[in-house]
């Protein structure tokens, strides 16, 4: 996979924000639309049932009014209009029956089943749905009595019809509602599309503003945006500010390196050119020694510049770990022992028996001790002592060299400031130690040693394990 393909995959891996918004907005709308359709269908069916129930009520009333007593029996002269009112274009099958007060069938075109009573209270008219001989029927049962002054016999009229007409009316009403719901759905989708596009317009402006920026500038964005995107803009501005600090740190390092390395490199070049003009081997040997010393100083200067840049990087946040100060001091002393022995410097270590634990960065603390020991050696110390203290945890380097005057002790913590006794140093050692102390939230103090030299103490202010 190419770099561009990887970038595209990373860009589109989270999906489209536009599609996500549309999904989160349209899915509830679809659910609401489905509920509206269900409600429209139920409403249409209820309306159709009420309309046809009114027809059943009218038909049962018309039949009940025609019931009479003849020859001590109930008799019914059914008018054609009583059943015609139930007939529709759907051609439902219509049934009626007359029953006496004992529930015996008297007359009719079908012996309809007894209704399912919905309550114990007698009602003059009750409706029920039943399945009779494979047909779904809606049955209306009217309980009435003869109106004669001498005959008050009760009877029951049952009228029923199949559901074709109800279903046709239900579908017709539902189709009308369906058209209105579809129009409302299209309008809602259009409004959602427009709203999402308008809502995402500021994000599009922000994207264009970032894309059209000069890649060499880290100026903050000043685009007017809504509150939610303003937070994103401020976050981007914070990122740009950190990048400005990183670039300033890099430019400072490049400037420092070019300024500090120019002189020794020019000296090496001049010394080599001078040696080439001579024919004596002794002159060549002397020039090579000088070049070797200058190269060593230049290499050390480059290492110190890199260390100082790493420490001053505002975005570098190394992870702290549990460290034992005595082991750190012992390793730094062992590393510097050869150089001190070569120059006739007595180097020693004083540490407590119990372990001294802190949270820190091992290589930085070793670098700090190495710089303090090297500074003391280069500036003429003959005895150097490295100490580890337990209460509070501290690292200390004491020497018997020329020391540093009190008025110069803050100045020498600045990069490239070498004080009055220049020696062989580059002016970076104490600046590096100060940066490491700040990175560990430690207090760095410079004192006059008891023998007239310098004592540098790094006291760790954190909690001891």
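Residue numbers (the UniProt record's numbering): 1 to 465. Even for Gly, the Cβ is constructed at its ideal location relative to N, Cα and C. Values in this document were obtained by computation on a predicted structure and should not be read as measured data.
So, are the CB atoms of residue 65 and residue 125 less than 8 Å apart? In the chain shown, residue 65 corresponds to position 65, counting from 1. In the chain shown, residue 125 corresponds to position 125, counting from 1. Taking 8 Å as the Cβ cut-off, residue 65 and residue 125 do not qualify as a contacting pair.
Let's test the definition: count the other Cβ atoms within 10 Å of the Cβ of residue 283 and tell me whether it reaches 16, buried, or not, exposed. As a working note, residue 283 is residue 283 in the chain shown. Looking at its Cβ environment, which holds fewer than 16 other Cβ atoms inside 10 Å, residue 283 is exposed.
Taking the alpha helix (DSSP H) that residue 371 belongs to, which residues open and close that run? Residue numbering aside, residue 371 sits at position 371 when the chain shown is read from its first letter. Segment 362 to 378, the alpha helix (DSSP H) holding residue 371.
Residue 95 classed as buried or exposed, judged by whether at least 16 other C-beta atoms fall within 10 angstroms: Working through the chain shown from its first residue, we reach residue 95 at position 95. Buried, since its Cβ has 16 or more Cβ neighbours within 10 Å.
Continuous beta strand (DSSP E) stretch holding residue 383: start and end: Along the chain shown, one-based indexing puts residue 383 at 383. Its beta strand (DSSP E) spans residues 383 to 390.
Return yes when at least one heavy atom of the ligand HEM lies under 7 Å from the C-beta of residue 191, else no. The model depicted lacks the ligand HEM and carries no ligand whatsoever.
With DSSP run on the structure shown, which of helix, strand or coil describes residue 226? The sequence position of residue 226 within the chain shown is 226, counting from 1. Looking at residue 226 - three-state DSSP - the assignment turns out to be coil, as it is neither helix nor strand.
Note down the Cα distance separating residue 234 from residue 26, rounded to an integer number of angstroms. The count along the chain shown starts at 1 and reaches residue 234 at position 234. The count along the chain shown starts at 1 and reaches residue 26 at position 26. In a straight line, the C-alpha of residue 234 is about 32 Å away from that of residue 26.
Could you please give the first and the last residue of the uninterrupted alpha helix (DSSP H) stretch that includes residue 438? Counting from 1 along the chain shown, the entry for residue 438 is found at position 438. Unbroken alpha helix (DSSP H) run through residue 438: 429 to 439.
Residue(s) in a DSSP beta bridge with residue 157: Position 157 of the chain shown, counted from the start, is the residue given in the question as residue 157. In DSSP, residue 157 forms a bridge with 98 and 142.
Whole angstroms are fine: how far does the CA of residue 341 sit from the CA of residue 452? For the purposes of this step, residue 452 is identified with residue 452 of the chain shown, where counting begins at 1. For the purposes of this step, residue 341 is identified with residue 341 of the chain shown, where counting begins at 1. Rounded to whole angstroms, residue 452 to residue 341 spans 22 Å at the Cα level.
Can you tell which of 358, 346 and 370 has its C-alpha closest to the C-alpha of residue 331? Position 331 of the chain shown holds residue 331. Looking at the Cα atoms, 370 is the closest of the given residues.
With H, G and I counted as helix, E and B as strand and the rest as coil, what does DSSP make of residue 131? Counting from 1 along the chain shown, the entry for residue 131 is found at position 131. The answer is strand: DSSP assigns residue 131 an E or B state.
For a quick check, are the C-beta atoms of residue 146 and residue 48 less than 8 Å apart? The residue you call residue 146 lines up with position 146 of the chain shown. The residue you call residue 48 lines up with position 48 of the chain shown. No.
Using three-state DSSP, classify residue 457 as helix, strand or coil. Residue 457 sits at position 457 when you count from the first residue of the chain shown. Here residue 457 sits in strand by DSSP.
Outcome for residue 456 when other beta-carbon atoms lying within 10 angstroms are tallied against a minimum of 16: For this step, residue 456 is matched to residue 456 along the chain shown. Per the 10 Å Cβ criterion, buried.
Residues of its chain near residue 272, where Cβ-Cβ distance is below 8 Å and the 5 sequence neighbours each way are ignored: Along the chain shown, read from residue 1 onward, the residue named residue 272 stands at position 272. 287 and 291.
Cβ-Cβ separation, residue 433 to residue 393 (assumed contact under 8 Å), whole Å: Taking the chain shown and counting its residues from 1, one reaches residue 393 at position 393. Taking the chain shown and counting its residues from 1, one reaches residue 433 at position 433. Their Cβ separation, rounded to whole angstroms, is 16 Å, which puts residue 393 and residue 433 out of contact at 8 Å.
Would you call the region 151 to 163 and the region 15 to 35 in contact, with 3 or more CB pairs under 8 Å? no
Going by DSSP, what residues sit across from residue 108 in a beta bridge? To locate residue 108, count along the chain shown from 1; it is residue 108. In the DSSP output, where bridge partners are listed per residue, residue 108 has 97.
Proximity to residue 320 [Cα-Cα], best of 351, 348 and 358: Numbered from its first residue, the chain shown carries residue 320 at position 320. For the residues 351, 348 and 358, the minimum Cα distance to residue 320 belongs to 358.
Segment limits, beta strand (DSSP E) that includes residue 335: Here residue 335 is taken as the residue at index 335 of the chain shown, counted from 1. Not the beta strand (DSSP E): residue 335 falls in the alpha helix (DSSP H), residues 325 to 342.
Just to confirm, are residue 100 and residue 78 a CB contact at a threshold of 8 Å? Here the question's residue 100 lines up with position 100 in the chain shown. Here the question's residue 78 lines up with position 78 in the chain shown. Not a contact, by the Cβ cut-off of 8 Å.
What residue from 69, 185 and 93 has the CA that sits closest to residue 37's CA? Locating residue 37 in the chain shown gives position 37, where the first residue counts as 1. The option with the nearest alpha carbon to residue 37 is 185.
Using DSSP with H/G/I as helix, E/B as strand and the rest coil, what is residue 452? Working through the chain shown from its first residue, we reach residue 452 at position 452. Three-state DSSP puts residue 452 in coil, outside helix and strand.
Kindly list the residues whose CB is nearer than 8 Å to the CB of residue 209, restricted to its own chain and excluding five residues on each side of it in sequence; keep chain order. In the chain shown, counting from the first residue as 1, residue 209 sits at position 209. Here the set comprises 221 and 223.
Nearest-angstrom Cα separation, counted from residue 226 out to residue 201: As a position in the chain shown, residue 201 is number 201, starting the count at 1. As a position in the chain shown, residue 226 is number 226, starting the count at 1. Answer to the nearest angstrom: the Cα atoms are 10 Å apart.
Neighbourhood of residue 111 by C-beta distance below 8 Å, restricted to the same chain and skipping five residues each side: In the chain shown, counting from the first residue as 1, residue 111 sits at position 111. Only 97 and 105 meet the Cβ criterion.
How big is the Cα-Cα spacing for residue 133 and residue 159? Position 133 of the chain shown, counted from the first residue, corresponds to residue 133. Position 159 of the chain shown, counted from the first residue, corresponds to residue 159. Those two C-alpha atoms are separated by around 16 Å.
Determine the DSSP secondary structure at residue 16, reduced to helix, strand or coil. Counting from one through the chain shown, the residue named residue 16 turns up at place 16. Residue state, collapsed to three classes: coil.
Buried or exposed: where does residue 422 fall if 16 or more other Cβ atoms within 10 Å of its Cβ makes it buried? In the chain shown, counting from the first residue as 1, residue 422 sits at position 422. The pLDDT assigned to residue 422 is 49, lower than 50, so where the model puts this residue is not dependable; a value taken from the coordinates is nonetheless given after this. Residue 422 should be labelled exposed.
Going by the DSSP bridge assignment, what does residue 126 pair with across the sheet? For this step, residue 126 is matched to residue 126 along the chain shown. For residue 126, which the question treats as bridged, DSSP gives the partners 141.
Less than 8 Å between the C-beta atoms of residue 45 and residue 170, yes or no? Taking the first residue of the chain shown as 1, we reach residue 45 at position 45. Taking the first residue of the chain shown as 1, we reach residue 170 at position 170. Result yes, Cβ atoms of residue 45 and residue 170 sit closer than 8 Å.
Inter-residue Cα distance where the pair is residue 72 and residue 153: Locating residue 72 in the chain shown gives position 72, where the first residue counts as 1. Locating residue 153 in the chain shown gives position 153, where the first residue counts as 1. C-alpha separation (whole angstroms): 10 Å.
Assuming residue 395 and residue 458 form a contact by the criterion Cβ under 8 Å, report the distance between their Cβ atoms to the nearest whole angstrom. Here residue 395 is taken as the residue at index 395 of the chain shown, counted from 1. Here residue 458 is taken as the residue at index 458 of the chain shown, counted from 1. Yes, residue 395 and residue 458 are in contact; Cβ-Cβ is about 5 Å, under 8 Å.
For the region 383 to 390 against the region 435 to 444, are there 3 or more C-beta pairs whose distance is under 8 Å? no
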